[in-house]
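To start, the structure itself, in structure tokens.
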Amino acid sequence: GENVEQHPSTLSVQEGDSAVIKCTYSDSASNYFPWYKQELGKRPQLIIDIRSNVGEKKDQRIAVTLNKTAKHFSLHITETQPEDSAVYFCAAGGLGDYKLSFGAGTTVTVRA
Amino acid sequence: NAGVTQTPKFRVLKTGQSMTLLCAQDMNHEYMYWYRQDPGMGLRLIHYSVGEGTTAKGEVPDGYNVSRLKKQNFLLGLESAAPSQTSVYFCASSGTPAYNEQFFGPGTRLTVL
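Chains A and B, in that order, give the protein sequences.
First residue of the first sequence? That's 2 in this note's numbering, and the numbers climb one at a time after it.
First residue of the second sequence? That's 12 in this note's numbering, and the numbers climb one at a time after it.
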């Protein structure tokens, strides 16, 4: 089955700086890569996703890049704000598949 | 719409006791999932269902059973709880597999003593 590794496990950044989280996956058949954000005590919520026919996708201050050859994808948060403090999970799945495999999560802390 | 709801929010069990967690969704989603979340281990899939009357094993199914008698409900059962099942349990649902976005419930925090 799919194995997703996520790094780093914790990340502390100064407010206004950028944050980057990287994930690798093992199954070359995976072609759907979502990112979920989980605030303390809350449920995970989708913030952005990318499909394999696209190399990069942006939504305001967040962006995701995908390198299918190397089997890795990354989340980029620019101009970080205190409300960006949360746990972020990457995941991988096949379009038309029923399941997602999640990474272990990255705890992001934005320092004021 | 309430989205995905879970009952109960918190529960404390003694080793060997049984319980059922209920997940309900009002989005007419075909696919439903049960995950457990443990520190440093992300979200691990326990069981899932691709439609009413169907269930399948995920990554960590041992010690759990599920049922999907109605499309909107997905039940997770623990027949004989063990301390290793202390965790936060999340239910999720998904509409079309081609899109794959999963909508999560608020979670159930279970402690087994």
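Virtual Cβ for every residue (Gly too), placed ideally from N, Cα, C.
So, is the C-beta of N111/B closer than 8 Å to a C-beta in chain A? The residue you call residue 111/B lines up with position 100 of the second sequence. It does; some Cβ of chain A falls within 8 Å.
In terms of alpha-carbon separation, which member of S13/A, E80/A, C91/A lies closest to L101/A? Within the first sequence, residue 101/A is the residue found at index 100, counting from 1. Closest option to L101/A, Cα to Cα, is C91/A.
If we count the other Cβ atoms within 10 Å of its Cβ and call it buried at 16 or more, is Q61/A buried or exposed? Numbered from its first residue, the first sequence carries residue 61/A at position 60. It counts as exposed.
Who are the neighbours of K100/A on chain B, taking C-beta pairs under 8 Å? Position 99 of the first sequence, counted from the first residue, corresponds to residue 100/A. Going along chain B in sequence order, the residues near K100/A (Cβ under 8 Å) are Y44, L56, Y59, G69.
To the nearest angstrom, how far is the alpha carbon of G106/A from that of M52/B? The residue you call residue 106/A lines up with position 105 of the first sequence. The residue you call residue 52/B lines up with position 41 of the second sequence. One C-alpha to the other measures close to 7 Å.
Runs of beta strand (DSSP E) wholly within the stretch 33-84 of chain A (minimum 3 residues, chain order): 33-39, 46-52, 57-60, 63-68, 73-78
Checking the sheet assignment: what are the DSSP bridge partners for L56/B? The residue given as residue 56/B occupies position 45 in the second sequence. Answer is Y46/B, bridged to L56/B.
Buried or exposed by the 16-neighbour rule on C-beta atoms within 10 Å, applied to Q15/A: Here the question's residue 15/A lines up with position 14 in the first sequence. With fewer than 16 other Cβ atoms within 10 Å, it is exposed.
For chain B, find out if any of its Cβ atoms is closer than 8 Å to the Cβ of Y89/A; answer yes or no. Here residue 89/A refers to the residue found at position 88 when the first sequence is read from its first residue. It does not; no Cβ of chain B falls within 8 Å.
Nearest residue (CA-CA) to G2/A, options Y99/A, K69/A, R112/A: Start at 1 with the first residue of the first sequence, and residue 2/A comes out as number 1. If we check each option's Cα against that of G2/A, Y99/A comes out closest.
Helix or strand or just coil, what does DSSP make of Q15/A? Numbered from 1 along the first sequence, position 14 holds the residue referred to as residue 15/A. Three-state DSSP puts Q15/A in a strand.
Along the stretch 22-48 of chain A, what residues have a CB closer than 9 Å to any CB found in chain B? Y33, P35, Y37, Q39, G42, K43, R44, P45, Q46, L47
Indicate whether the contact test is met: 3 or more Cβ pairs, each with one atom in the stretch 59-66 of chain B and one in the stretch 77-84 of chain B, closer than 8 Å. yes
G116/B beta carbon less than 8 Å from that of Q17/B: By 1-based counting over the second sequence, the position of residue 17/B is 6. By 1-based counting over the second sequence, the position of residue 116/B is 105. Result yes, Cβ atoms of Q17/B and G116/B sit closer than 8 Å.
Step through the CB atoms of chain B and report whether any lies within less than 8 Å of the CB of F74/A. To locate residue 74/A, count along the first sequence from 1; it is residue 73. By this cut-off, F74/A is not an interface position.
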